[in-house]
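Reviewing the structure listed below.
In UniProt numbering, the protein residues as written are 1 to 210.
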């Protein structure tokens with residue numbers, strides 16, 4: 001077999017990664033992206049059992065990535081901005097191979113793509129500075145440092161593994177993974193200037209920045 005392809009039942013070979021018009025990526029063979037990836041390898045189905053593929057369950061459409069950033073909607077040049085994903089395992093129902101079925105999606109990977117060209121990837125959704133017991137503007141596993149002033153965007157993507165079952169039976173893993181992109185979010189990046197002032201704005205309303 002061509003090492004860049006993987007058999008998908010009936011001897012059919014497919015490209016290992018397919019991008020759909022809505023941005024969803026179907027990953028049939030995760031090894032082409034990361035040899036240590038957690039996604040299930042494809043195996044020949046047992047005789048008499050349906051050969052469900054990641055393409056079959058893509059129609060169930062898992063949730064788009066949620067999340068937020070610290071600070072909320074803005075960042076400081078040269079200081080880390082912290083990004084946190086908010087996606088959890090969830091189950092959807094529908095018709096699979098002509099039968100009523102449930103499909104369970106479990107997030108296993110997170111990616112944030114920035115319009116400055118940087119990308120942050122993690123197998124963990126991240127956590128707030130308070131949850132990590134860290135001070136604000138501390139670097140985290142899911143933080144990013146902007147080096148220029150301006151308006152930028154960040155687009156989150158979540159990688160899901162899928163399982164399916166019919167009639168309440170045991171969950172069965174689906175080979176491959178789904179990458180679901182979220183909506184791009186705008187970020188204002190600026191700088192902080194330190195100014196010595198004589199009291200607070202309440203005490204000195206005419207002071208700098210008041």
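The beta-carbon is built from N, C-alpha and C at its ideal position, and this holds for glycine as well.
Selection 168, 17 and 62 evaluated against residue 100 yields 168 as nearest (Cα-Cα). Comparing alpha carbon positions, the residue from 123, 148, 131 and 104 closest to residue 117 is 148. When DSSP states are grouped into helix, strand and coil, residue 54 belongs to the helix group. No residue range can be given for residue 136, since it is assigned to no alpha helix (DSSP H) and is classified by DSSP as neither H nor E. By the 16-neighbour rule on beta-carbons within 10 angstroms, residue 175 is buried. Residue 94 holds the alpha-carbon nearest to the alpha-carbon of residue 59 among 51, 201, 94 and 202. Here the alpha carbon of residue 183 sits roughly 10 Å from the alpha carbon of residue 153. In the DSSP assignment, no residue is bridged to residue 140.
Here DSSP, grouped into helix, strand and coil, assigns residue 130 to helix. With fewer than three CB-CB distances shorter than 8 Å, the segment 185 to 194 does not count as touching the segment 123 to 132. Straight through space, the alpha carbons of residue 137 and residue 76 are spaced by roughly 9 Å. For residue 172, the uninterrupted beta strand (DSSP E) segment begins and ends at 172 to 181. The closest CA to that of residue 108, considering only 20, 166 and 180, is found on 180.
Residue state for residue 60 is assigned as helix, using DSSP reduced to three classes. A distance below 9 Å separates the beta carbons of residue 162 and residue 54. At the C-beta level, residue 111 and residue 159 come within 9 Å of one another. For residue 64, the closest alpha carbon among the candidates 130, 87 and 73 is that of 87.
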